[in-house]
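Chemist:
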């Protein structure tokens with residue numbers, strides 16, 4: 284297996300990144316100060332108007348709502364100031380990590396064919412609108428990959444009960460598999476199955492039968508469905524299961540799913556707060572950056588395990 288070297292947090296902070304962060308101390312303090320000014324101003328100007336809700340008549344109620352609006356504006360402006368500063372810090376910290384790995388990082392991202400594939404095979408839920416950000420792409424250990432964070436929102440209810448619900452927030456990863464395969468294999472966390480009419484699923488117009496795996500530990504954790512049972516057992520093995528569990532733990536995720544589709548692999552992890560390497564508190568820099576590094580380490584190890592070109596005891600490459 285190729286070895287992927289990932290810089291540790293001390294190495295990154297001892298270099299140009301650490302120097303740059305030290306130079307941002309004043310800017311961080313100024314962002315905090317301005318944010319607090321907006322929040323306090325909103326409360327001072329809008330708070331007294333809330334007393335108008337105790338009065339009767341349109342004018343008094345309108346003044347009360349005006350107070351709510353002023354408070355909301357103040358908190359929104361303060362939040363924007365904080366977020367802009369955090370985004371600037373995050374861009375530099377994640378870019379430093381990406382450079383150390385020889386890959387690319389961009390705060391902006393776009394949906395690609397991997398999203399359509401994941402959605403077609405029900406790795407992702409139904410949605411009304413979607414956004415994506417924080418794109419990482421390049422080559423790790425000889426494997427080309429692309430990863431970004433996605434948020435999917437569904438509009439539910441009607442009239443006054445209409446509301447937006449976040450149905451997915453997490454990572455979508457795609458990579459090109461090193462070994463040849465031609466069918467479709469779906470891996471998902473084990474769930475309650477109704478087998479009265481057969482233990483199979485139809486995804487994207489294709490029937491996928493449940494595949495019994497050799498390793499009992501895998502059977503207790505994941506369900507595997509495939510168009511070709513022999514190929515599914517060849518692709519999915521115990522080491523892969525261990526990497527999936529490690530990926531979930533380091534991404535603090537849930538509902539992990541993977542799709543092997545005619546040469547490509549798509550992995551979806553429902554998880555929040557990924558690669559959030561920055562905050563306005565300098566004391567948190569090391570811990571947040573270390574967590575981001577560990578998340579990437581899990582990703583690299585999983586890709587290395589997935590793209591193992593040959594397994595001992597088989598004649599397959």
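Numbering (our numbering), first residue to last: 284 to 600. All C-beta atoms, glycine included, are put in the ideal place defined by N, C-alpha and C.
Could you tell me if residue 327 is buried or exposed, where buried requires 16 or more neighbouring beta carbons within 10 angstroms of its beta carbon?
Modeler: Flag for residue 327 reads exposed.
Chemist: Just the C-alpha distance for residue 441 and residue 410, rounded to the nearest angstrom, thanks.
Modeler: One C-alpha to the other measures close to 16 Å.
Chemist: Can you give me the start and stop residues for the beta strand (DSSP E) that residue 428 sits inside?
Modeler: Residue 428 -> beta strand (DSSP E) spans 426-439.
Chemist: Assess contact between the region 420-431 and the region 447-461, defined as three or more Cβ pairs (one per stretch) separated by less than 8 Å. Is contact present?
Modeler: These segments touch.
Chemist: Spatial neighbours of residue 489 within its chain, please: C-beta separation below 8 Å, excluding the five flanking residues on both sides.
Modeler: Only 467, 510 meet the Cβ criterion.
Chemist: Assign residue 480 to one of three DSSP states: helix, strand, or coil.
Modeler: Unreliable positioning characterises residue 480 in this predicted model, as indicated by a pLDDT of 45, which lies under 50. The coordinate reading is nonetheless provided below. DSSP places residue 480 in coil when its eight states are reduced to three.
Chemist: By a C-beta neighbour count over all protein chains shown, 10 Å radius and 16 as the cutoff for buried, is residue 322 buried or exposed?
Modeler: Buried, by the Cβ-count rule.
Chemist: Between the Cα of residue 431 and the Cα atoms of 558, 383, 572, which residue gives the shortest distance?
Modeler: The option with the nearest alpha carbon to residue 431 is 558.
Chemist: Go ahead and label residue 373 buried or exposed: buried means 16 or more other beta carbons lie within 10 angstroms of its beta carbon, across all protein chains shown.
Modeler: Answer is buried; the Cβ neighbour count reaches 16.
Chemist: Let me know if residue 363 comes out buried or exposed under the rule of 16 or more other beta-carbons within 10 Å of its beta-carbon.
Modeler: It is exposed - the Cβ of residue 363 has fewer than 16 other Cβ atoms within 10 Å.
Chemist: Buried or exposed: which applies to residue 370, given that a residue is buried once 16 or more other Cβ atoms fall within 10 Å of its Cβ?
Modeler: Exposed.
Chemist: Name the residue from 368, 405, 312, 453 whose alpha carbon lies nearest to the alpha carbon of residue 486.
Modeler: Comparing Cα positions, the closest option is 405.
Chemist: Taking C-alpha atoms, which residue in 453, 436, 313, 351 lies nearest to residue 446?
Modeler: Comparing Cα positions, the closest option is 436.
Chemist: Looking only at C-alpha atoms, which of 382, 385, 429, 368 sits nearest to residue 398?
Modeler: Checking every option, the nearest Cα to that of residue 398 belongs to 429.
Chemist: Considering residue 390, what are the terminal residues of the beta strand (DSSP E) in which it resides?
Modeler: Start and end: 387-391.
Chemist: In this structure, does DSSP put residue 462 in helix, strand or coil?
Modeler: Three-state result, residue 462: coil.
Chemist: How do the region 349-364 and the region 329-340 stand: do at least 3 beta-carbon pairs fall below 8 Å, yes or no?
Modeler: The region 349-364 vs the region 329-340: in contact.
Chemist: List in chain order: all unbroken alpha helix (DSSP H) runs of 4+ residues lying wholly within the region 343-423.
Modeler: Runs found: 396-403.
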